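A short write-up of the structure that comes next.
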Amino acid sequence: MWIPVESSPMNTPRNSAEVKPGEVVSVSWLNRAARNVLEESFPLMWIAGEVSTLTRAASGHVYFTLKDEQAQVRCTMWRNRAQLLPFRLEHGMQVEVRALVSLFEPRGDYQLNVEAVRHAGVGNLYEAFLRLKARLEAEGLFEPAAKRALPRFPRGIAVVSSAQAAAWRDVTAALARRAAHVPITLYPTPVQGDGAPAQIAAAIRRAGRSAARDGTDVLLLVRGGGSLEDLAAFNSEAVARAIRACPLPVVVGVGHETDVSIADFAADLRAATPTAAAELASAGFVELHDKLALLDARLTRAMQRRVETAAQRLDRVAARLTHPRQRLVQAGLRLETLTQALHARMARQLAAGEARVGALGLRLAARKPDLAQRRARLDALAQRLERAGSNLLERRRSRLDALAQHLAHLDPRGVLARGYSITRNAAGEIVRDAGTLSPGDGIHVELHQGSVDATVNPHND
Amino acid sequence: MVKTPATKSATFESAVAELETIVQDMENGQLPLDQALSAYQRGTGLLRHCQGLLTKAEQTIRVLEAEAPPEDTQP
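Those sequence lines, one after another, are chains H and R.
Take 6 as the starting number for the first sequence in the working numbering and just add one per residue.
Take 751 as the starting number for the second sequence in the working numbering and just add one per residue.
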């Protein structure tokens, strides 16, 4: 079948347009030209078909045929591309290949150079995902306002997952570490496969219905990572609606960080991994640990302060409470102090007075009159007075003597001596007229020598 | 003299909230000494209760399989 062609000297044209009518070209030239035409005419595109006659060369390149009911085409996937395949190509697999249409020159076979392969229908799946997301979003299923807060201290945690899944082990490990006292209830369900969406939704409803009975107040919907198809169940409308209808707030933790599933949008809280979901559900307890330690310290400090305050007050009051004896002592001390002060003041005043008197004395002395001169004059006057007095006395005495002699001549007793008498009535008055006397009157008669008392006798005349 | 509160059944929220109130009251320093003392005892009781709950290390895990034919037909 295959005819070797000699190399031709007329191998000159570069492409089909350069071929002149009647010109002969070589097969090599034709194949190269055909290849160029093919590669330039078709863009890189997706082609769907079934894999058959698959061989893996020792070099690592992969060869297979892509076919449908009516046709087939040979495919080559170079080693560097084949290495990147996320799954193993198998005979009979329905796939979509992203490929460049080309031609294998040595054989003249038209073929596809495959760059990437994905499972058939994935493109549709993604479009369906976007449509579903848009529809549910428009319906308000992802409304941020509708998101419910997790209880800070859950009393029981419901988990919807597969009992065999690594996700379930991650959740129990995280909760054992952070909230070992919180009971966990698993509502097991397959998380992949055809029936998974309905089964997951049913498990969520079950968990919601028996929340009161099982003592749960938050639900974790978890699953490990996987391809987009593996996560198909989490992109289902049934699961999204079950999440929103669940009476418990739902945390979705799907270990698939690049894409976000419908379940993530519907969740009250989205976690990057199952472990993260468990940590979010138990965050309150971790905070509580710290808070309790803080409250412990504050409580102790407050009590200490309170006691110290009371003790200080007591001390102050005690200081003011004194024994009467002590008061007496204090009063005595005070009295003594006052006395001393009084003495000191008196001494000061006395000293001041003395000083003042001294000063006045000096001033007085300065003004003392000359007494000696005045005394001499006074003495002289006294002598003159004495002399004058004694002269006067002498003259008077001699005159008085003369008068006394004269007076002696006039003495009535001289008369009496000559025989005269003096008669006095009872009243002692001298009787000069007999008519003044009546018989019986007593009279006193004084003589020169003695006296007699007599009575007047009647006289007839 | 300290009331024996229903600490056993108290939720974390109420226990912690009460504990906070007690600590604040005590920090104000307005409580008479005897009340401060009983508040302190009550506070330490609540504290022990909360810490005890947190450190009770025995986790209970139940697996609840669906009862026979599930009647989860309606969404």
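C-beta atoms are modelled at their ideal positions from N, C-alpha and C, and glycine is treated no differently.
Source: prediction; values computed, not measured.
Where does residue i fall in DSSP's three states?
i	result
residue 198 of chain H	coil
residue 274 of chain H	strand
residue 73 of chain H	coil
residue 800 of chain R	helix
residue 309 of chain H	helix
residue 99 of chain H	strand
residue 348 of chain H	helix
residue 188 of chain H	coil
residue 428 of chain H	strand
residue 43 of chain H	helix
residue 107 of chain H	strand
residue 294 of chain H	helix
residue 809 of chain R	coil
residue 154 of chain H	coil
residue 823 of chain R	Because residue 823 of chain R sits at a pLDDT of 44, beneath the cut-off of 50, its placement in the model cannot be relied upon, and the following sentence gives the value as read from the coordinates. It is coil, neither helix nor strand.
residue 788 of chain R	helix
residue 356 of chain H	helix
residue 361 of chain H	helix
residue 29 of chain H	coil
residue 259 of chain H	strand
residue 79 of chain H	strand
residue 334 of chain H	helix
residue 91 of chain H	coil
From what residue to what residue does the beta strand (DSSP E) around residue i run?
i	result
residue 460 of chain H	456-460
residue 764 of chain R	Here residue 764 of chain R belongs to no beta strand (DSSP E); instead the alpha helix (DSSP H) covers 762-778.
residue 57 of chain H	50-61
residue 118 of chain H	114-124
residue 451 of chain H	447-451
residue 228 of chain H	223-228
Using a 10 Å radius around the Cβ and a threshold of 16 neighbouring Cβ atoms, would you call residue i buried or exposed?
i	result
residue 190 of chain H	buried
residue 173 of chain H	buried
residue 28 of chain H	exposed
residue 101 of chain H	buried
residue 269 of chain H	buried
residue 209 of chain H	buried
residue 255 of chain H	buried
residue 339 of chain H	exposed
residue 362 of chain H	exposed
residue 344 of chain H	exposed
residue 457 of chain H	exposed
residue 351 of chain H	exposed
residue 228 of chain H	buried
residue 353 of chain H	exposed
residue 82 of chain H	buried
residue 769 of chain R	buried
residue 789 of chain R	buried
residue 287 of chain H	buried
residue 467 of chain H	There is no way to answer for residue 467 of chain H, as the model of chain H reaches only from 6 to 466.
residue 802 of chain R	exposed
residue 395 of chain H	exposed
residue 319 of chain H	exposed
residue 221 of chain H	buried
residue 347 of chain H	exposed
Give me the residue from the options with the minimum Cα distance to residue i.
i	options	result
residue 118 of chain H	H/180, H/225 and H/104	H/104
residue 236 of chain H	H/345, H/64, H/198 and H/250	H/198
residue 308 of chain H	R/766, R/793 and R/763	R/793
residue 462 of chain H	H/452, H/448 and H/453	H/448
residue 149 of chain H	H/367, H/274 and H/136	H/274
residue 454 of chain H	H/116, H/436 and H/417	H/417
residue 206 of chain H	H/35, H/271 and H/155	H/271
residue 795 of chain R	H/297, H/381 and H/364	H/297
residue 181 of chain H	H/291, H/153 and H/114	H/291
residue 90 of chain H	H/169, H/253 and H/124	H/124
residue 1 of chain H	H/108, H/212 and H/434	Nothing about residue 1 of chain H can be reported from this structure: the residues present for chain H run from 6 to 466 only.
residue 434 of chain H	H/424, H/450 and H/423	H/450
residue 303 of chain H	R/772, R/780 and R/813	R/772
residue 815 of chain R	H/55, H/168 and H/98	H/168
Span of the alpha helix (DSSP H) holding residue i?
i	result
residue 394 of chain H	376-414
residue 419 of chain H	417-422
residue 248 of chain H	242-250
residue 163 of chain H	Premise fails: residue 163 of chain H lies in the beta strand (DSSP E), 162-166, not in any alpha helix (DSSP H).
residue 178 of chain H	171-183
Contact criterion: CB-CB distance below 8 angstroms. Does residue i meet it with respect to chain C?
i	result
residue 205 of chain H	Protein chains H and R are contained in the structure displayed, whereas chain C is not.
Cβ pair count under 8 angstroms reaching 3, the stretch 283-291 of chain H against the stretch 177-190 of chain H | yes
Inter-stretch contact at 8 angstroms, needing at least 3 Cβ pairs: the stretch 211-224 of chain H / the stretch 147-161 of chain H | yes
Would you check if there are 3 or more beta carbon pairs closer than 8 angstroms linking the stretch 81-88 of chain H to the stretch 57-70 of chain H?
-> yes
Touch test, the stretch 236-247 of chain H against the stretch 131-149 of chain H, Cβ-Cβ under 8 angstroms, three pairs minimum | yes
So does the stretch 302-319 of chain H actually touch the stretch 763-776 of chain R, counting three or more Cβ pairs closer than 8 angstroms?
-> yes
Contact the stretch 441-449 of chain H vs the stretch 422-430 of chain H: 3+ CB pairs below 8 angstroms = yes
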